[in-house]
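**Q** Residue numbers (our numbering): -3 to 251. Here it is, the structure in full.
Dropping the structure here:
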């Protein structure tokens, strides 16, 4: 069993979309997947659950309560092989209520330990910041996928998440592995994006996924309609791209 984080401190780079669609691609291969929403915006939860779903227990409830089991928060989705631990705005409480807890970033990892044998893969969707939730995600993960765009601001932002990864390795999770950087929303028709992609591949040599994800409304539709792209449009170019990313992850993590 492997735990994989999708992480970047910058918002809008496609973390949730990649997590959502990767869960679908893994499930399609028969892998038992648990998706954990660690973003208080709850976008991953909204994609997997009906809009009117009344959440009785969220990941925040489990992290904040020593006696709570992660099983209390696990929900079945409409897709075979995919379960979800949902999130909502209450997750913001961990940033203040656990401020004085020196080992708070281990709480999520400890909770996940009890159900690891029940899944092939746990996917952790992280928030767009470098706070306790992101620390918790990286402490619990075996490997991390970092989405970025072929844009100046996105490339510069990777330095912050890489710095956090180094800190987490030193203080909490020395075996944390960077599985790779995914170039997302790529438009190869634009010369500037071609140049940035070449720069990324040169600067991050050996750690960039071979498959990029093109800028496409199909991915937006997948998240909006609540169907991973491999279920929504299984024969599409976009679904094949996600499957290619999935194969690279499986190879890297020996799933």
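Each residue gets a CB set at the ideal place from its N, CA and C atoms; glycine is no exception. Computed from a predicted structure; not experimentally measured.
May I have a chain-ordered list of the beta strand (DSSP E) segments no shorter than 3 residues that lie completely inside the stretch 147 to 182?
**A** Segments of the beta strand (DSSP E) lying fully in the stretch 147 to 182: 173 to 179.
**Q** Three-state secondary structure (DSSP) at residue 324?
**A** Nothing about residue 324 can be read from this structure; the chain reaches only from -3 to 251.
**Q** Please report the distance separating the alpha-carbon of residue 85 from that of residue 34.
**A** Cα to Cα, the separation comes out at about 10 Å.
**Q** Nearest to residue 119 by alpha carbon, out of 203, 5, 23, 9?
**A** Ranking 203, 5, 23, 9 by Cα distance to residue 119 puts 23 first.
**Q** For the candidate residues 39, 107, 147, whose alpha-carbon lies nearest to that of residue 133?
**A** Among 39, 107, 147, the Cα nearest to that of residue 133 is on 107.
**Q** Which one or two residues does DSSP pair with residue 135 in a beta bridge?
**A** Its beta-bridge partners do not exist; DSSP assigns none.
**Q** Would you call the stretch 46 to 62 in contact with the stretch 90 to 104, where contact means no fewer than 3 C-beta pairs closer than 8 Å?
**A** Touching, yes, given that three or more Cβ pairs across the two stretches are closer than 8 Å.
**Q** So residue 193 and residue 179 are supposed to be a Cβ contact under 8 Å. How far apart are they, rounded?
**A** Sure, about 6 Å apart at Cβ, within 8 Å.
**Q** Taking DSSP as the reference, what is the three-state secondary structure of residue 196?
**A** Residue 196 falls in the helix class under three-state DSSP.
**Q** In chain order, which beta strand (DSSP E) runs of at least 3 residues are fully inside the stretch 17 to 67?
**A** The qualifying runs are 29 to 33.
**Q** Looking at the structure shown, is residue 70 part of a helix, part of a strand, or coil, going by DSSP?
**A** In this structure, residue 70 counts as coil in the three-state DSSP scheme.
**Q** Using only alpha-carbon positions, find the residue among 112, 136, 111 that is nearest to residue 105.
**A** Of the candidates 112, 136, 111, the one whose C-alpha sits nearest the C-alpha of residue 105 is 136.
**Q** Who pairs with residue 204 in a beta bridge, going by DSSP?
**A** The partner list for residue 204 (beta bridge, DSSP) reads 177.
**Q** Shortest alpha-carbon distance to residue 20 belongs to which of 249, 215, 250?
**A** Checking every option, the nearest Cα to that of residue 20 belongs to 215.
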